[in-house]
Structure formats: structure tokens, C-alpha cells
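Numbering (the working numbering), first residue to last: 27 to 226.
Beta carbons: idealized from backbone N, C-alpha and C, even for Gly.
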């Protein structure tokens, strides 16, 4: 059987999916598009095959099953989510995963932690996914050094999800880089960390 490369969403499809995820047609707490991208990257890099029945409902702030989304338009957007998942999985397998467009680090560090920031939303989505997949990593017989490397990646990839947690991770202490300096360094390294993590 010939492999058919997944087709990425077109800009128009992305706009329609984004509008759908933020519309009154879905439950409160549904992920927005950039949160979804971070979440699907996390799902795609989990060391176990995960079925859509596991990872689709949480997108809509549901557990166990999808909410009632019976319209034809909603069905098309579910298909778009599956297409986005396949796109991200293909990028992972090809070694070319990337942060979303517009995910540049804002020089005002606090802005990178605000909802609506592409970096914050993607990081929040990744962290959201880790909360649902950590058990799969816990089942692996990892060496201490491998676990330490993974934990460093998890910290970096979810760092911009919550500013208070980031301050705990990197407190301002005398003789060390400031919080802003540390966040800048990690933010600039994040595109490469995404690639390296996908290859673990």
C-alpha cells in the first residue's frame, strides 16, 4: 500500500477550525487552536499509541465521550482536528515539528504568559496533555539520566503555561541570571527543544 502524506490544513481551514473552537457551539473550556496544537504535539510524542477516543473528548473539556456535536459543520471540524493530528504526527515522524506561526518570544516577558499569546497557549496545551499522559511515561524503564533529560524537556515545553509556576522553577536568586534572562534563553531555545524532544 502506498503511503499518502497527510495534507496540512489550509489557512482557510485553520480559520474555520479556530472559529469553531471558540464558538458557542462547543462546551466552555474547549481548547483554542494554539492550545490544541500544543496538546496534539504532546499526544503525538507520548510513548504509546493513543486512540482518538482517549484524546478527543478532553479537547472539548469532556471525559469519556464527545459532547453532542451533531451538525454537519461540527463533523467537518472534528475531521479537521483529526487532519491536524495527522499533520503533527507526520512532522514528528519526519523530524520536522515546529512551534506555530507567530510563536516568537515577546521581549516583555510577562506577555508570554498571558492567554492569547501563541507561546502561552501552545505551552498550556502541551502541559494539559502531559497531565493526561504522564502515566504512560511512568511505565517506561528509564535510566535516571534519561528521565532527567526528559523532565528538563517537559519543564521547558510547559514553562510558559503559568507564570507563577515558572517563577518557582526559576526563582530570582543572587548570582544567577534574572527570571527574565532565564525565560529569554529558554524561549529562544524552544524551537530546537521541540525538535529534540520529538526524537526521544
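inquiry  = Residues in the same chain with beta-carbon distance under 8 Å from residue 88, minus the five sequence neighbours each way, listed in chain order, please.
reply    = One-based indexing of the chain shown puts residue 88 at position 62. If we look at residue 88 and ignore the five residues flanking it on each side, its Cβ neighbours are 53.
task = Please confirm whether residue 73 and residue 166 have their CB atoms less than 7 Å apart.
result = In the chain shown, residue 73 corresponds to position 47, counting from 1. In the chain shown, residue 166 corresponds to position 140, counting from 1. Yes, the pair counts as a contact, with Cβ atoms nearer than the cut-off.
message = Am I right that residue 113 and residue 34 are in contact with their C-beta atoms under 8 Å? What's the rounded C-beta distance?
response = Residue mapping note: residue 113 aligns to position 87 of the chain shown, counting from 1. Residue mapping note: residue 34 aligns to position 8 of the chain shown, counting from 1. Confirmed, about 5 Å.
message = Given a cut-off of 7 Å on the beta-carbon distance, is the pair residue 43 and residue 58 in contact?
response = Position 17 of the chain shown, counted from the first residue, corresponds to residue 43. Position 32 of the chain shown, counted from the first residue, corresponds to residue 58. Cβ distance not < 7 Å, so residue 43 and residue 58 don't count as in contact.
task = Go through its chain and collect everything with a Cβ distance to residue 141's Cβ below 6 Å, but skip five positions before and after it.
result = Here residue 141 is taken as the residue at index 115 of the chain shown, counted from 1. Contacts found: none.
inquiry  = Can you tell me whether residue 79 is buried or exposed? The criterion is at least 16 other CB atoms within 10 Å of its CB, across all chains shown.
reply    = Position 53 of the chain shown, counted from the first residue, corresponds to residue 79. That one is exposed.
query = Cβ of residue 192 within 7 Å of Cβ of residue 149?
reply = Working through the chain shown from its first residue, we reach residue 192 at position 166. Working through the chain shown from its first residue, we reach residue 149 at position 123. Not in contact: residue 192 and residue 149 (Cβ atoms no closer than 7 Å).
task = Grab the span of the alpha helix (DSSP H) containing residue 181 for me, first residue to last.
result = For the purposes of this step, residue 181 is taken as the residue at position 155 of the chain shown. Element bounds for residue 181: 170-183.
task = Grab the span of the alpha helix (DSSP H) containing residue 155 for me, first residue to last.
result = Position 129 of the chain shown, counted from the first residue, corresponds to residue 155. 144-164 is the extent of the alpha helix (DSSP H) around residue 155.
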